[in-house]
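Asks: I'd like to ask you about the structure that follows.
There are 4 protein chains.
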Amino acid sequence: MRIGVIGNNTASLQTRRLAYEVGKEIAKGGGILICGGLGGVMEAACQGTRDAGGMTVGILPGSSSKEANPYVSIPIVTGFSHGRNIIVVRSSEAIIAIEGSYGTLSEIAFALILDIPVIGLNTWLPHREGHESPPLIAAKDPEEAVRLAIDSISSQKKSLE
Amino acid sequence: MRIGVIGNNTASLQTRRLAYEVGKEIAKGGGILICGGLGGVMEAACQGTRDAGGMTVGILPGSSSKEANPYVSIPIVTGFSHGRNIIVVRSSEAIIAIEGSYGTLSEIAFALILDIPVIGLNTWLPHREGHESPPLIAAKDPEEAVRLAIDSISSQKKSLE
Amino acid sequence: MRIGVIGNNTASLQTRRLAYEVGKEIAKGGGILICGGLGGVMEAACQGTRDAGGMTVGILPGSSSKEANPYVSIPIVTGFSHGRNIIVVRSSEAIIAIEGSYGTLSEIAFALILDIPVIGLNTWLPHREGHESPPLIAAKDPEEAVRLAIDSISSQKKSLE
Amino acid sequence: MRIGVIGNNTASLQTRRLAYEVGKEIAKGGGILICGGLGGVMEAACQGTRDAGGMTVGILPGSSSKEANPYVSIPIVTGFSHGRNIIVVRSSEAIIAIEGSYGTLSEIAFALILDIPVIGLNTWLPHREGHESPPLIAAKDPEEAVRLAIDSISSQKKSLE
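First to last, the protein sequences are chains A, B, C and D. Mapping the first sequence onto the numbering used here, position 130 (from 1) lands on 130, and the numbers just tick up by one. Positions in the second sequence are counted from 1; adding 161 to them yields the numbering used here. Positions in the third sequence are counted from 1; adding 322 to them yields the numbering used here. Positions in the fourth sequence are counted from 1; adding 483 to them yields the numbering used here.
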């Protein structure tokens with residue numbers, strides 16, 4: 001199971017704690033963490049996953065593996081700048097969005113295009129007059145977020161059988 | 162002046178009329194139209210620009226110039242699927258978003274990341290608790306949308322002098 | 323007709339003269355010049371095309387249209403670094419390679435993958451034991467290079483009718 | 484250590500045996516295998532790495548993880564078609580090229596641009612009049628290829644200390 005975690009490159013202590021717990025729960029659930037490989041939410045989530053014995057993939061925007069945070073197990077070096085956001089999304093079977101700014105919004109949009117489930121922890125709610133509400137799933141805490149992500153992946157697989 | 166027009170690949174007659182007028186106004190203002198090169202809003206906008214004697218660029222997702230709508234002057238063939246959305250945005254000095262679905266939302270997000278002005282005609286309003294409201298500019302009709310786009314480009318240039 | 327010109331970002335006076343003539347012949351043949359938008363061969367070719375009244379497209383690696391050479395009519399801003407090389411190739415109906423280094427080699431390889439004709443002016447000859455020779459066409463001067471490019475595009479179109 | 488293996492999507496039994504041995508040696512040397520994730524050389528190399536207890540990353544061109552060969556541990560889904568070739572290269576610290584066609588040639592070219600060592604097993608030799616010979620390293624068998632790849636990575640690291 002590959003679970004993406006998206007959020008800001010810089011984050012408050014409180015937000016990083018949330019991300020750390022999300023990362024930890026992913027490893028405990030047997031998942032691999034996919035992310036953008038940089039700091040803030042990405043780094044805290046990677047640290048959580050690694051501390052719980054899991055593996056992390058960082059899909060980097062720049063041209064060197066050196067920009068990866070220290071908790072990335074496998075750096076993927078794209079050189080595509082923000083153009084790598086869609087690869088983070090496509091490579092994940094479900095996405096957990098933690099707060100976030102416009103980069104996170106772009107990734108939520110790609111997940112919606114590609115029908116990849118998005119679980120939100122205080123994240124974007126896009127609204128457009130005359131358009132159905134996006135099927136974003138709100139979670140109240142990291143445990144619930146990861147459980148909902150795992151459930152959505154399992155039910156996708158079941159529906160394909 | 163390069164003005165991007167973003168919106169759905171299929172669109173109602175009413176929406177295509179809006180897009181056509183936007184395209185026409187871009188040509189009348191001396192602009193080049195940048196878009197994703199496909200149907201719906203993109204095709205109607207390209208037709209408007211061409212009918213008024215202007216030039217259009219279609220930045221295509223697939224691997225053949227044949228997928229361009231017939232009003233694209235210059236097809237750019239990326240083969241990057243939705244990964245081309247960021248190129249549509251980066252190549253524009255201002256963006257006009259006409260309604261739209263999640264692809265349009267991804268392009269609005271990239272414009273916000275890259276500080277490229279977005280003028281909206283009944284488009285997405287992303288909201289997040291604790292995050293400032295995105296600086297999207299609402300227009301009431303095609304004329305105003307194009308005027309606001311041109312003004313935002315001119316004032317950017319002035320502020321750089 | 324969209325003709326790509328590929329070659330180094332820095333070039334000797336002699337090489338730039340070749341590229342300038344290629345650009346001029348493209349415009350005289352009614353073609354649009356596609357290139358990577360930077361200096362050296364790209365800049366000289368763009369200047370030739372513009373001096374003869376033609377149009378040029380520069381598909382840029384970086385994140386700003388400011389990196390385009392002054393003879394680019396339409397800058398396409400990718401932010402994909404060398405990842406934009408394949409877009410230069412895909413957007414062209416034939417490619418003229420003028421000398422060049424490894425970036426040019428990557429573009430020749432993509433043209434070979436995609437079955438886009440490559441006309442060479444003193445450019446790469448890739449060889450592999452046990453593999454057929456790549457179908458590169460050598461030209462003796464700019465006039466012949468552009469004529470061969472135009473002929474190859476015309477015969478492709480005829481074979482599709 | 485991340486070692487890339489590049490080569491054709493379809494391959495003879497003999498070539499797949501070479502690739503399998505390369506994959507096995509990578510795992511025995513403690514490396515992670517990076518590749519394009521499809522069949523032929525990529526699949527055989529992945530199988531070799533997995534059989535020896537190692538991990539494999541497949542950077543896929545299409546839009547689904549289902550196109551990965553069964554020996555890919557971690558699929559990275561790009562949707563960028565051949566545009567993903569540069570990501571295979573950038574994510575590797577050294578590249579082993581096994582025979583190959585034009586896709587392989589494009590990856591060798593990118594490795595040369597990016598100064599990533601390329602070890603060749605009967606692969607391309609690009610030549611251009613007036614250009615220095617590309618610094619490709621020929622290996623006589625899989626064991627030597629992997630040893631040269633590991634040595635080149637180690638000496639890079641040493642020279643950075």
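Every residue, glycine too, gets a C-beta built ideally from N, C-alpha and C.
Going along chain C in order, which residues have a C-beta closer than 8 Å to the C-beta of residue 80 (chain A)?
Replies: Position 80 of the first sequence, counted from the start, is the residue given in the question as residue 80 (chain A). 401, 402, 403, 405, listed in chain order.
Asks: Which residues in the same chain have their Cβ closer than 6 Å to the Cβ of residue 401 (chain C), if we skip the five residues on either side of it in sequence?
Replies: As a first step, residue 401 (chain C) is located in the third sequence; it is residue number 79 there, counting from the start. These residues qualify, in order along the chain: 385.
Asks: Give the residues of chain A in contact with residue 387 (chain C), contact being defined as C-beta atoms less than 9 Å apart.
Replies: Taking the third sequence and counting its residues from 1, one reaches residue 387 (chain C) at position 65. Correct list: empty, because the minimum Cβ distance to chain A is about 15 Å.
Asks: On the three-state DSSP scale, how would you describe residue 243 (chain B)?
Replies: Taking the first residue of the second sequence as 1, we reach residue 243 (chain B) at position 82. Of the three classes helix, strand and coil, the one that applies to residue 243 (chain B) here is helix, per DSSP.
Asks: Are the region 488–501 of chain D and the region 370–386 of chain C touching, with three or more C-beta to C-beta distances below 8 Å?
Replies: These segments do not touch.
Asks: From D:636, D:615, D:624, pick the residue whose C-alpha is nearest to that of residue 500 (chain D); which is it?
Replies: Taking the first residue of the fourth sequence as 1, we reach residue 500 (chain D) at position 17. The candidate whose alpha carbon is nearest that of residue 500 (chain D) is D:624.
Asks: Relative to the alpha-carbon of residue 473 (chain C), which residue among C:336, C:345, C:351, C:447 has its alpha-carbon at the smallest distance?
Replies: One-based indexing of the third sequence puts residue 473 (chain C) at position 151. When only C-alpha atoms are compared, the closest one is C:351.
Asks: Does any residue of chain C have a CB that is nearer than 8 Å to the CB of residue 493 (chain D)?
Replies: On the fourth sequence, residue 493 (chain D) is found 10 positions in, with the first residue counted as 1. It does not: the Cβ of residue 493 (chain D) has no partner Cβ on chain C nearer than 8 Å.
Asks: Which runs of the alpha helix (DSSP H) at least 4 residues long sit entirely within the region 499–583 of chain D? Give them in chain order.
Replies: You should have 523–534, 568–573.
Asks: By the 8 Å beta-carbon criterion, what residues does the region 448–465 of chain C contribute toward chain D?
Replies: Of all residues in the region 448–465 of chain C, 448, 449, 450, 451, 452, 453, 456 have a Cβ within less than 8 Å of some Cβ in chain D.
Asks: Could you work out which residues of chain B lie near residue 122 (chain A), taking near to mean beta carbons separated by less than 8 Å?
Replies: Taking the first sequence and counting its residues from 1, one reaches residue 122 (chain A) at position 122. Residues of chain B passing the Cβ test: 289, 290, 291.
Asks: Once the 5 residues before and after residue 287 (chain B) are set aside, which same chain residues still bring their CB inside 7 Å of it?
Replies: Here residue 287 (chain B) corresponds to residue number 126 of the second sequence, with the count starting at 1. Excluding residues within five positions, the ones whose Cβ falls inside 7 Å are 295.
Asks: Taking just the CA atoms, how far does residue 508 (chain D) sit from residue 551 (chain D)?
Replies: Indexing the fourth sequence from 1 puts residue 551 (chain D) at position 68. Indexing the fourth sequence from 1 puts residue 508 (chain D) at position 25. Their backbone Cα atoms lie some 22 Å apart in a straight line.
Asks: According to DSSP, which residues form a beta bridge with residue 586 (chain D)?
Replies: Taking the fourth sequence and counting its residues from 1, the one referred to as residue 586 (chain D) is at position 103. DSSP lists no partner for residue 586 (chain D).
Asks: Can you list the residues of chain D that residue 434 (chain C) reaches, using a CB-CB cut of under 8 Å?
Replies: Position 112 of the third sequence holds residue 434 (chain C). Within 8 Å Cβ-Cβ: 585, 588.
Asks: For residue 383 (chain C), which residues in chain B fall below 7 Å Cβ to Cβ?
Replies: Working through the third sequence from its first residue, we reach residue 383 (chain C) at position 61. Within 7 Å Cβ-Cβ: nothing; residue 383 (chain C) doesn't reach chain B, min ~11 Å.
Asks: Between residue 19 (chain A) and residue 41 (chain A), which are expected to be in contact by the criterion C-beta below 8 Å, what is the C-beta distance as a whole number of angstroms?
Replies: Position 19 of the first sequence holds residue 19 (chain A). Position 41 of the first sequence holds residue 41 (chain A). With a Cβ gap of about 4 Å, residue 19 (chain A) and residue 41 (chain A) count as contacting.
Asks: From residue 453 (chain C) to residue 261 (chain B), what distance separates their C-alpha atoms?
Replies: Position 131 of the third sequence, counted from the start, is the residue given in the question as residue 453 (chain C). Position 100 of the second sequence, counted from the start, is the residue given in the question as residue 261 (chain B). Looking at the two C-alpha atoms, the distance is approximately 49 Å.
Asks: Can you tell me where the beta strand (DSSP E) holding residue 280 (chain B) begins and where it ends?
Replies: Counting from one through the second sequence, the residue named residue 280 (chain B) turns up at place 119. Looking at the DSSP string, the run of the beta strand (DSSP E) that includes residue 280 (chain B) is 279–282.
Asks: Is there a C-beta anywhere in chain A that falls below 8 Å from the one on residue 306 (chain B)?
Replies: As a working mapping, residue 306 (chain B) is identified with position 145 in the second sequence. Closer than 8 Å: no.
Asks: Using DSSP bridges, identify the partner residues of residue 7 (chain A).
Replies: Position 7 of the first sequence, counted from the start, is the residue given in the question as residue 7 (chain A). Note: residue 7 (chain A) sits in no beta bridge, so no partner.
Asks: On the CB-based measure, 16 or more other CB atoms within 10 Å of its CB, does residue 23 (chain A) come out buried or exposed?
Replies: Position 23 of the first sequence, counting from 1, holds the residue named residue 23 (chain A). Classification for residue 23 (chain A): buried.
Asks: Quick check on residue 154 (chain A) - is its C-beta less than 8 Å from some C-beta in chain D?
Replies: Locating residue 154 (chain A) in the first sequence gives position 154, where the first residue counts as 1. It does not; no Cβ of chain D falls within 8 Å.
Asks: Excluding the 5 residues preceding and the 5 following residue 31 (chain A) in the sequence, name in chain order all residues of the same chain whose CB lies nearer than 6 Å to its CB.
Replies: The residue labelled residue 31 (chain A) in the question sits at position 31 within the first sequence. So the list reads 1, 3, once near-sequence residues are dropped.
Asks: To the nearest angstrom, how far is it from the Cα of residue 306 (chain B) to the Cα of residue 517 (chain D)?
Replies: Against the second sequence, residue 306 (chain B) aligns to sequence position 145. Against the fourth sequence, residue 517 (chain D) aligns to sequence position 34. Cα to Cα, residue 306 (chain B) sits roughly 48 Å from residue 517 (chain D).
Asks: Using the three-state DSSP reduction, which class does residue 138 (chain A) fall into: helix, strand or coil?
Replies: If you number the first sequence from 1, residue 138 (chain A) lands on position 138. DSSP places residue 138 (chain A) in strand when its eight states are reduced to three.
Asks: Which word fits residue 37 (chain A), buried or exposed, when buried means at least 16 other C-beta atoms lie within 10 angstroms of its C-beta?
Replies: On the first sequence, residue 37 (chain A) is found 37 positions in, with the first residue counted as 1. That one is buried.
Asks: Is residue 255 (chain B) buried or exposed, if buried means 16 or more other CB atoms sit within 10 Å of its CB?
Replies: As a first step, residue 255 (chain B) is located in the second sequence; it is residue number 94 there, counting from the start. That one is buried.
Asks: With respect to the beta strand (DSSP E) encompassing residue 447 (chain C), which residues constitute its N-terminal and C-terminal limits?
Replies: Counting from 1 along the third sequence, the entry for residue 447 (chain C) is found at position 125. That run of the beta strand (DSSP E) goes 447–449.
Asks: Measuring alpha carbon to alpha carbon, tell me which residue in D:554, D:571, D:553, D:581 is nearest residue 497 (chain D).
Replies: What you label residue 497 (chain D) is simply residue 14 of the fourth sequence in a count that begins at 1. Answer by Cα proximity: D:581.
Asks: Rank B:237, B:243, B:249, B:253 by C-alpha distance to the C-alpha of residue 407 (chain C) and give the top, closest one.
Replies: Position 85 of the third sequence, counting from 1, holds the residue named residue 407 (chain C). Of the listed residues, the one whose Cα sits closest to residue 407 (chain C) is B:237.
Asks: For the region 332–359 of chain C, list every residue whose C-beta sits within 8 Å of some C-beta in chain D, in sequence order.
Replies: Of all residues in the region 332–359 of chain C, none has a Cβ within less than 8 Å of some Cβ in chain D.
Asks: Looking only at C-alpha atoms, which of D:604, D:612, D:619 sits nearest to residue 596 (chain D)?
Replies: Locating residue 596 (chain D) in the fourth sequence gives position 113, where the first residue counts as 1. The residue with the shortest Cα to Cα distance from residue 596 (chain D) is D:619.
Asks: Starting from the beta carbon of residue 218 (chain B), find every residue of chain C whose beta carbon is closer than 7 Å, and list them in chain order.
Replies: Taking the second sequence and counting its residues from 1, the one referred to as residue 218 (chain B) is at position 57. Result: 396.
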